[in-house]
Every structure is written in structure tokens, then in C-alpha cells.
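Take a look at the structure set out below.
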Amino acid sequence: LLHDGTYYWYGTHMHENTAAALKGVGVYSSKNLYDWKNEGIALEVFPEGSGHKIESGCLIERPKVIFNEKTGKFVMWFHLELKGQGYKAAEYGVAISDSPVGPFKFLHAGRSCSGIIPMNMEASVVEKLSSSLNLKARTPEWRAAMKEGLFVVRDLGKGQMVRDMTIFVDDDGKAYHVFASEENNTLHLAELTDDYCGYTGKYVRVLPGRANEAPAIFKHKGQYWLIASGCTGWDPNPARMAVADDIWGPWKELDNPCVGDKANITFDSQSTFILPVPGTKNKWIFMADRWNSKNLKDSRYVWLPIEFEKGVPVLRWYDSWNY
Ligand code: GAL
Numbered sequence: 039l040l041h042d043g044t045y046y047w048y049g050t051h052m053h054e055n056t057a058a059a060l061k062g063v064g065v066y067s068s069k070n071l072y073d074w075k076n077e078g079i080a081l082e083v084f085p086e087g088s089g090h091k092i093e094s095g096c097l098i099e100r101p102k103v104i105f106n107e108k109t110g111k112f113v114m115w116f117h118l119e120l121k122g123q124g125y126k127a128a129e130y131g132v133a134i135s136d137s138p139v140g141p142f143k144f145l146h147a148g149r150s151c152s153g154i155i156p157m158n159m160e161a162s163v164v165e166k167l168s169s170s171l172n173l174k175a176r177t178p179e180w181r182a183a184m185k186e187g188l189f190v191v192r193d194l195g196k197g198q199m200v201r202d203m204t205i206f207v208d209d210d211g212k213a214y215h216v217f218a219s220e221e222n223n224t225l226h227l228a229e230l231t232d233d234y235c236g237y238t239g240k241y242v243r244v245l246p247g248r249a250n251e252a253p254a255i256f257k258h259k260g261q262y263w264l265i266a267s268g269c270t271g272w273d274p275n276p277a278r279m280a281v282a283d284d285i286w287g288p289w290k291e292l293d294n295p296c297v298g299d300k301a302n303i304t305f306d307s308q309s310t311f312i313l314p315v316p317g318t319k320n321k322w323i324f325m326a327d328r329w330n331s332k333n334l335k336d337s338r339y340v341w342l343p344i345e346f347e348k349g350v351p352v353l354r355w356y357d358s359w360n361y
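Residue numbering for the sequence shown is 39 to 361, as defined by the working numbering.
Structure representation (C-alpha cells):
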């Protein structure tokens with residue numbers, strides 16, 4: 039997050055042998071993106087045994103913070119998994135603060151948009167898929183139904199699953215939550231309310247059945263670009279890319295933006311965010327995690343410039359680079 043000339047970098051405070059949040063979401067600040075100051079824990083988890091949704095030992099992944107001009111609050115969204123339940127809960131969490139370094143106050147957590155059909159799904163499909171809920175998994179029939187929105191229908195009552203996620207704020211100040219849903223099979227893009235603290239209920243499915251995670255979005259010359267990864271846990275895989283003229287789609291998938299050695303594993307990393315280059319227009323930094331699954335707290339980061347060839351983003355490895 040860039041705010042008043044300072045960058046803030048948020049992330050789960052990780053440990054050697056667990057991905058669980060034992061402390062909370064950490065934050066660092068910087069004036070130049072090179073030198074970082076540890077600002078401590080921005081959102082603290084609740085003590086073990088408290089039974090709170092964000093009790094110590096829960097999973098908090100991919101936190102993103104945006105500033106709301108109207109309320110003057112900093113709003114944090116994150117992927118939340120409840121303590122002791124693995125990746126089953128698949129919830130979002132929201133917290134707010136008066137300061138970018140916190141303390142953030144937990145507001146609420148849950149599934150998204152319960153009872154609401156995506157804008158790009160017909161009511162008649164819902165009816166049809168309701169009778170397909172018992173299809174045997176991984177069969178061609180199941181695959182076709184899954185692409186059409188089988189899991190949307192299954193989860194209409196309790197709300198849609200939320201896993202890997204990002205927040206994107208458009209030029210008009212509208213914010214969107216983009217997350218892996220439907221058992222990680224399909225991304226959802228959901229509009230946030232004016233205070234950025236909840237959903238308006240408008241949402242679409244993006245690239246159904248492509249199993250994208252780790253989404254990152256940027257708007258370049260009027261077009262929306264999405265870079266994401268496939269689903270291979272902490273291990274890297276080839277990045278995916280899609281483009282749309284309208285945030286609501288249709289989204290068109292293109293090739294892996296990476297070229298050269300190790301392009302097939304995104305230079306040993308996984309997308310996490312795309313940052314505008316300070317003081318420039320239309321220049322971007324691709325930010326990615328290089329996970330160390332054997333010692334998560336020793337994971338590293340890969341930042342690369344986004345180049346454009348014939349108007350299409352390209353990522354190349356550079357040992358060092360500047361703009
Ligand atoms: C990754 C995902 C991470 C984390 C991990 C757990 O694919 O991007 O956020 O959930 O799986 O294995």
C-alpha cells in the first residue's frame with residue numbers, strides 16, 4: 039500500500055514448521071522500496087483457546103490493505119482458515135484501522151455472497167445443477183457441471199468459498215475482492231461496498247474451471263490484466279494471464295507471461311501483487327512469493343519489472359534491474 043509517500047508491506051507472520059498465524063499480520067514500511075522498517079504486528083490474533091475466529095493457530099493468508107477516502111479508515115482483507123480445520127472453512131476476514139501500521143480491529147469473517155447468484159450465471163442453470171450435486175467427482179459429466187457452477191449451487195446457502203485472494207481498487211474508487219472459490223476451481227470477482235468493509239452482492243465467476251490461484255490485477259491503458267498461478271500448493275507452476283476490457287468480463291486467457299529459463303515455474307515463484315512504479319504511469323512491478331515449504335518463515339520474494347510486447351505483459355528474469 040502506498041500512503042502519503044510511504045509504502046506499507048503486509049504479510050502473515052510465519053514460522054518454521056507451520057503456516058499457522060501464531061502472532062498475526064506483520065507490516066513493514068519504506069520510503070523507497072529498498073530499505074524496510076519492521077513496524078511489528080498490524081493485526082494481532084486472539085489468544086489460543088479464546089475460540090475467536092482469528093484465534094492463534096488459525097491460517098491468515100494473502101492479507102491486502104486499502105485506504106478508504108470516504109471513511110478515512112485502512113481496511114484489511116485476508117483469507118482465513120479456522121484453527122484446526124485445515125483449508126475447509128474457506129472464509130474471508132476483514133479488519134480496520136485508523137493507521138496503516140495498525141492496530142487493526144477485527145470486524146467480521148465468513149463466506150461470500152450467500153444466497154446470491156453470480157451476474158454471469160442464469161437462474162435456469164442453478165435449477166439444472168441442483169440435480170447434479172451427487173455426480174461422481176472427476177468424471178466428464180462432473181467436470182462439465184463444475185465449469186457451469188456446480189459448487190456455486192452447492193454453496194448458495196452458506197456462501198461461496200474464499201481462498202487465495204487480492205483486492206483491486208479501480209480509478210473510480212470502487213474496490214473488488216478477487217478470490218479462488220468453488221474448491222479452487224474458479225475465481226470470483228466481487229464488488230465491495232463504499233466503505234470497503236463488505237460485499238454489495240454483485241459478483242461474477244472468472245475463467246470457470248481453470249483452477250487459478252494467487253490472483254493479482256492491474257489496469258493498464260484502460261484494460262484489466264490478471265496474473266495468477268495454477269494450484270500446486272507451495273510449489274511453483276507456470277503463471278497464467280488473462281485480460282478484460284471491463285472489470286466484469288468477459289476475461290480472455292492468454293499465454294504464460296513468463297519467458298526464458300524457468301518460465302515454466304514463474305522463476306521459482308508465485309504471483310502475489312502488482313505494484314505501480316513510484317512516480318510513473320503505466321509501469322508495474324510484478325511481486326511474487328518464493329515459498330520455502332520446509333521453512334516457511336524463510337520464504338523469499340521475487341520482484342520483476344513488467345515489460346510490454348505488442349501491448350501484452352511479458353516477464354523476464356533479471357538478476358538486477360531498475361526503471
Ligand atoms: C498455495 C496458495 C497459498 C497457500 C498454499 C498452501 O497454492 O497460493 O496461499 O494456501 O497453497 O498449500
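Idealized CB from N, CA, C, for every residue including glycine.
Looking at the DSSP output, residue 327 bridges to 308, 339. Remark: C-beta atoms of residue 114 and residue 66 do not approach each other more closely than 9 Å. By alpha-carbon distance to residue 62, the top candidate from 353, 70, 86, 74 is 86. Within 8 Å of the C-beta of residue 267 there is at least one heavy atom belonging to ligand 1. Buried is the label assigned to residue 222, since at least 16 other Cβ atoms lie within 10 Å of its Cβ.
Annotation for residue 351: 263, 279, 295, 344 place their beta carbon closer than 7 Å to its own, counting only its chain and skipping 5 residues before and after. Exclusion of the five residues before and after residue 320 leaves 258, 259 as the residues of its chain whose Cβ lies within less than 7 Å of its Cβ. Looking at the DSSP output, residue 123 sits in no beta bridge, so it has no partner there.
Under the three-state reduction of DSSP output, residue 77 falls in the strand class.
Per DSSP, the continuous beta strand (DSSP E) segment holding residue 251 begins and ends at 251–258. Here DSSP, grouped into helix, strand and coil, assigns residue 240 to strand. Residue side-chain check: residue 220 keeps its Cβ at 8 Å or more from all non-hydrogen atoms of ligand 1. Using a cutoff of 8 Å, the CB of residue 57 counts as near ligand 1, since one of the ligand's heavy atoms is closer than that. By the Cβ criterion, the stretch 94–107 is in contact with the stretch 117–128, since at least three pairs of Cβ atoms, one from each stretch, lie closer than 8 Å. Excluding residues up to 5 positions away in sequence, 274, 277, 296 lie with their Cβ nearer than 6 Å to the Cβ of residue 304 in the same chain.
Annotation for residue 161: the continuous alpha helix (DSSP H) segment containing it runs 161–168. Our two residues, residue 60 and residue 133, have alpha carbons roughly 17 Å apart in a direct line.
According to DSSP, residue 60 shares a beta bridge with no other residue.
Under the DSSP definition of a beta bridge, residue 278 partners with 266. The DSSP-derived three-state label of residue 40 is strand. Within the same chain, 334, 335 come within 6 Å of residue 52 by CB-CB distance, once the 5 residues on both sides are set aside. The beta carbon of residue 342 sits closer than 6 Å to the beta carbons of 324, 353 from its chain, once the five residues preceding and following it are set aside; these are given in chain order. Counting of Cβ neighbours within 10 angstroms places residue 75 among the exposed residues, the total staying below 16.
Taking the Cα positions, residue 140 is about 7 Å away from residue 81. Sequence-distant Cβ neighbours of residue 179 in its own chain, meaning closer than 7 Å and more than five residues away, are 173.
When DSSP states are grouped into helix, strand and coil, residue 143 belongs to the strand group. In its chain, beyond the 5 residues on either side, 39, 65, 67, 138 have a beta carbon closer than 6 Å to the beta carbon of residue 46. Relative to ligand 1, the nearest heavy atom lies less than 8 Å away from the CB of residue 202. Within its own chain, the residues whose Cβ lies closer than 7 Å to the Cβ of residue 145, once the five positions on either side in sequence are excluded, are 132, 133, 134, 235, listed in chain order. For the 9 Å CB-CB criterion, residue 242 and residue 286 form a contact. When the Cα atoms are used, residue 307 and residue 268 turn out to be separated by approximately 12 Å. Per DSSP, the beta bridge partners of residue 131 are 116, 147. Residue 170 sits close to residue 183, with the two beta carbons spaced by under 9 Å.
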